[in-house]
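Numbering (the numbering used here), first residue to last: 245 to 564.
Virtual Cβ for every residue (Gly too), placed ideally from N, Cα, C.
From a predicted model like this one, the values you see are computed outputs, not experimental measurements.
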Amino acid sequence: MQAIVQSAYGSPDVLHLMEVATPEPADNEVRIKMVATTVTSADVRLRAFDVPAMFWLPARLVMGITRPRKPILGVEFAGTIDAVGKDVTRFKLGDAVFGQHVYGCYAQYKCVPETGAIALKPAAIDFAEAAGVPFGGLTALHFLRKAGIAAGQSVLIYGASGAVGTAAVQLAKHFGATVTAVASAANGDLLRSLGADVVIDYAATDCTQGSARYDIVMDTVGKLSFARARAVMQPVSRYVPLVMQPADIAHMLRSALTGGQKVVAGTSGDSQADLDYLAGLIAAGQYRPVIDRHYRFDEIQAAHAYVDTGRKKGAVVVLI
Ligand SMILES: NC(=O)c1ccc[n+]([C@@H]2O[C@H](COP(=O)([O-])OP(=O)(O)OC[C@H]3O[C@@H](n4cnc5c(N)ncnc54)[C@H](OP(=O)(O)O)[C@@H]3O)[C@@H](O)[C@H]2O)c1
């Protein structure tokens, strides 16, 4: 099969379209004939080995010292099942599916465990749209729930126009919250169309200086801090940094021991139940993936260069 193989850490030109062995599913796995994948913010950080200095050595030990140990990037997939392991009971040949599995999705075939984050594709969306659901959707759902999202709350989403942000705006509205979305002015209409009640242009207004108070402040881009966010938090609010700063870790440990404002952080998992939940919302017309651009498989370097700008809206899809 053809796959995009990463030859080293670095700029997008370390990615090459190559012939590699087609994977065979294990007993508990299905094999997906891929139609679409995406370039996520995580993919470009893994490609460039963009990790905080304090994690440099442990990350290299895990990921590969001089070059990536797992050289095929890609975490989101959409396609049809073309082979099943002998113990598989949840899926069958020909099922149209989508999901998330770390590494290996920049390929014509991808094997995943049937108990992983894989779900039947809702008929309401095509494969390209389906590939753009899991990364942002699962992350936003996980952290909003972890922060105790509830109807009637007021939620601030900082960095609302990316994959996680566009998902968080829609899910917070779904859970009955009032949503304030912070993004550049160019993305205001998009965020209003997703349900945001208030949109703040971060270039014109400092969202931490207003009189509004929020029950949850989610920062998807690492541009706020707990210290700044506290100015607009209630006494028992939750601060959710998706890009953890060293200071956030100290605040998280301290706030876990005390009452009052808390820092809610960590990593989101690959939950099949959560993916089924998102698929149900899509089928009911209550959630839609935001797709920015489409690229061909052989345009992967251009797709990475675009995501490297840090300005994509929702997901960037690669058609295989
Ligand atoms: N902890 C976890 O488990 C977990 C899981 C998934 C993702 N993450 C992390 O979450 C982060 C967000 O991921 P993502 O995929 O949503 O990113 P993304 O799609 O690449 O985010 C792009 C968006 O960021 C916005 N942005 C850039 N600079 C900004 C600024 N100064 N202020 C406000 N918005 C700004 C841009 O909006 P404008 O063009 O409007 O500026 C753009 O729409 C990543 O760092 C990722 O690693 C963490």
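Going by the beta-carbon positions, is the gap between residue i and residue j smaller than 9 Å?
| i | j | result |
| --- | --- | --- |
| residue 270 | residue 329 | yes |
| residue 425 | residue 279 | no |
| residue 548 | residue 259 | yes |
| residue 383 | residue 559 | no |
| residue 380 | residue 397 | no |
| residue 401 | residue 440 | yes |
| residue 316 | residue 362 | no |
| residue 443 | residue 430 | no |
| residue 311 | residue 251 | yes |
| residue 422 | residue 399 | yes |
| residue 463 | residue 476 | no |
| residue 406 | residue 465 | yes |
| residue 469 | residue 447 | no |
| residue 449 | residue 434 | no |
| residue 545 | residue 287 | no |
| residue 321 | residue 344 | yes |
| residue 480 | residue 454 | no |
| residue 385 | residue 518 | yes |
Measuring alpha carbon to alpha carbon, tell me which of the options ends up nearest residue i.
| i | options | result |
| --- | --- | --- |
| residue 459 | 467, 492 and 478 | 478 |
| residue 339 | 333, 324 and 369 | 324 |
| residue 493 | 404, 511, 444 and 476 | 511 |
| residue 276 | 299, 349, 313 and 432 | 349 |
| residue 514 | 319, 351, 311 and 295 | 319 |
| residue 418 | 285, 343 and 526 | 526 |
| residue 487 | 289, 544, 539 and 524 | 289 |
| residue 395 | 404, 415 and 342 | 415 |
| residue 341 | 299, 520 and 432 | 520 |
| residue 327 | 355, 306, 321 and 307 | 355 |
| residue 368 | 529, 504 and 535 | 529 |
| residue 561 | 263, 482, 274 and 284 | 284 |
| residue 295 | 253, 445 and 473 | 253 |
| residue 274 | 467, 313 and 353 | 353 |
| residue 489 | 467, 498, 474 and 482 | 467 |
Distance, Cα to Cα, residue i vs residue j?
| i | j | result |
| --- | --- | --- |
| residue 568 | residue 358 | Here the chain has residues from 245 to 564 only, and residue 568 is not among them. |
| residue 551 | residue 533 | 17 Å |
| residue 309 | residue 452 | 41 Å |
| residue 500 | residue 507 | 8 Å |
| residue 365 | residue 509 | 29 Å |
| residue 267 | residue 457 | 51 Å |
| residue 246 | residue 564 | 9 Å |
| residue 583 | residue 261 | The requested residue 583 does not occur in the structure, where the chain is confined to residues 245 to 564. |
| residue 293 | residue 307 | 9 Å |
| residue 291 | residue 404 | 24 Å |
| residue 378 | residue 438 | 17 Å |
| residue 272 | residue 331 | 5 Å |
| residue 390 | residue 471 | 21 Å |
| residue 303 | residue 346 | 15 Å |
| residue 536 | residue 556 | 7 Å |
| residue 413 | residue 542 | 33 Å |
| residue 299 | residue 553 | 23 Å |
| residue 360 | residue 516 | 6 Å |
| residue 498 | residue 538 | 44 Å |
| residue 524 | residue 373 | 15 Å |
| residue 388 | residue 482 | 10 Å |
| residue 301 | residue 314 | 17 Å |
| residue 473 | residue 496 | 14 Å |
| residue 263 | residue 502 | 55 Å |
| residue 436 | residue 297 | 38 Å |
| residue 531 | residue 522 | 8 Å |
| residue 445 | residue 351 | 38 Å |
Alpha helix (DSSP H) segments (min. 4 residues) lying fully within the segment 267 to 326: Within the segment 267 to 326, the complete alpha helix (DSSP H) runs of at least 4 residues are 285 to 292 and 300 to 307.
Ordered list of beta strand (DSSP E) runs contained in the segment 383 to 428, each at least 3 residues: Runs found: 398 to 402 and 422 to 427.
Entirely enclosed alpha helix (DSSP H) segments - the segment 455 to 524, minimum 4 residues: Complete alpha helix (DSSP H) runs here, min 4: 470 to 473 and 490 to 501.
Residue ranges of each alpha helix (DSSP H) within the segment 524 to 556, 4 or longer: You should have 544 to 552.
Length-filtered (3 minimum) beta strand (DSSP E) runs lying within the segment 334 to 366: Fully enclosed beta strand (DSSP E) runs of 3 or longer: 340 to 344, 353 to 357 and 361 to 364.
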